[in-house]
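Everything on this sheet refers to the single structure shown next.
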Amino acid sequence: MSLAFLFPGQGSQAVGMGAELADAFVAAKEVFQEVDDALGQKLFQLMREGPEADLTLTENAQPALMAVSLAVVRTLKAEFDVDITKAAFVAGHSLGEYAALAAAEALTLADTARLLKLRGQAMQRAVPVGKGAMASLIGPKTDLALAEKAAEAGSAAGVCVVANDNNNGNVVISGDKAAVDKAIEAAKALGARAIPLNVSAPFHCPLMQPAADEMAEALAKAEIVAPRTPLVANVTARPTLDPEEIRRLLVEQVTGRVRWRESMEWMAAEGAVTRFAEAGAGKVLSGMAKRIAPDAEATPLNTPSDLEQFVRSLD
107 MSLAFLFPGQ GSQAVGMGAE LADAFVAAKE VFQEVDDALG QKLFQLMREG PEADLTLTEN
167 AQPALMAVSL AVVRTLKAEF DVDITKAAFV AGHSLGEYAA LAAAEALTLA DTARLLKLRG
227 QAMQRAVPVG KGAMASLIGP KTDLALAEKA AEAGSAAGVC VVANDNNNGN VVISGDKAAV
287 DKAIEAAKAL GARAIPLNVS APFHCPLMQP AADEMAEALA KAEIVAPRTP LVANVTARPT
347 LDPEEIRRLL VEQVTGRVRW RESMEWMAAE GAVTRFAEAG AGKVLSGMAK RIAPDAEATP
407 LNTPSDLEQF VRSLD
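Throughout, this note's numbering is defined as the position within the sequence shown, counted from one, plus 106.
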């Protein structure tokens, strides 16, 4: 069995996430404390108690989701002697790429928390509220080709690109609000359903260039070492162990497409992965994995019982 660990992105957050892990495992509690100390804020209290509106803010959601993922990773190692660096690959969806790198020990936990806090703030600053938009194109007819046609139609009214190629049946577009609105109409005419997303900024499109510039400056100063497990990068959908390439790809990722479908297809085929474990909040990536690679297993690791069952299944 070849195993890869996946790390979720924004949208998987929920009030209460991580609380069961912290109550059950010292290693998880220590992760949340370390993130709080790195950021100088009571982030775990916000995660545990809410309010949801504050947790959903990009600058809070990004480090919070990473913290839950790393709580799972540290607990697996400390309590069950399962070292995720022995996996074939790690991959994370958007901000999850930072969690994947921290899990693979390419970045320290404290640096990862601070980088994600800045990333969230920079993304929010990049585009005035209301100027940008994102929409999810869904349905059996939806694929990358349809989404690119819709985005091209939207481009007549401004910036509009494919932001997340999640899986066939779920592709996200991003850009200027007027352009996304136009693309939504085009997508419907092509046979897709379109759902405007409740996001604070148009992620993974050229409008995020100011945020990419901020992250380039921050990442230039960050210590990144070779991950102990190959990272399958969002921008290339291929594995890398090169710290300087990782630094560059993390900057490109801010404005670039999340090539998740291709990443998963590559791992299931060329990487021979037969099982995916989603470390962190929710089970969005597990659902995608089952659609993209139906012959592989996909296991969400959210709760103490999830971890215990997963470890037993490895015997």
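Every residue, glycine too, gets a C-beta built ideally from N, C-alpha and C.
- Rounded to whole angstroms, A256 and V286 show a C-alpha spacing of 9 Å.
- The beta carbon of A387 sits closer than 7 Å to those of P114, S118, Q119, A120, M123, L171, V174 and N408, all from its chain and outside the five residues before and after it, given in chain order.
- Closest in C-alpha terms to Y204, from the list R353, K283 and P312, comes R353.
- Judged by pairs of C-beta atoms under 8 Å, the region 293-303 touches the region 239-246, as three or more such pairs exist.
- For the pair M321 and R220, the CB atoms are not nearer than the 7 Å cut-off.
- Look at the beta carbons and you see the region 278-292 not touching the region 321-338: under three pairs across the two are nearer than 8 Å.
- Taken through DSSP and simplified to helix, strand or coil, F195 comes out as strand.
- Under DSSP, R381 shares a beta bridge with L109 and E403.
- Under the three-state reduction of DSSP, G238 is assigned to strand.
- CA-to-CA, the gap between I330 and D142 works out to about 21 Å.
- Relative to the Cα of N274, the nearest Cα in the group E158, I398 and E165 belongs to I398.
- The continuous alpha helix (DSSP H) containing D142 extends over residues V132 to L145.
- Bounds of any alpha helix (DSSP H) do not take in N272; it lies within the beta strand (DSSP E) bounded by C266 to N273.
- Between A332 and F195, the C-beta gap is not smaller than 7 Å, which leaves the two residues out of contact.
- Residues G115 and V364 of the same chain have their beta carbon placed closer than 6 Å to that of S200, with the five preceding and five following residues left out of the count.
- For D282, the enclosing beta strand (DSSP E) has its first and last residue at N276 to D282.
- The beta carbon of D348 sits closer than 8 Å to the beta carbons of A332 from its chain, once the five residues preceding and following it are set aside; these are given in chain order.
- Taking C-beta separations shorter than 7 Å and ignoring five residues to either side along the sequence, the partners of L152 in its chain run D160, L161 and N166, following chain order.
- Nearest Cα to D401 within the set S419, E384 and M370: M370.
- The three-state reading of DSSP puts A300 in strand, counting E and B together.
- Taking P169 as reference, the option from P157, Q227 and H310 with the minimal CA-CA separation is Q227.
- In the three-state scheme derived from DSSP, where H, G and I count as helix and E and B as strand, I190 is classed as helix.
- Between A383 and A395, the gap from beta carbon to beta carbon reaches 7 Å or more.
- The straight-line gap separating the alpha-carbon atoms of E185 and L207 is approximately 21 Å.
- Excluding five sequence positions before and after T191, the CB atoms of its chain that fall closer than 7 Å to its own CB belong to A210, E211, R334 and T335, given in chain order.
- Around the beta-carbon of K148, fewer than 16 other beta-carbon atoms lie within 10 Å, marking it exposed.
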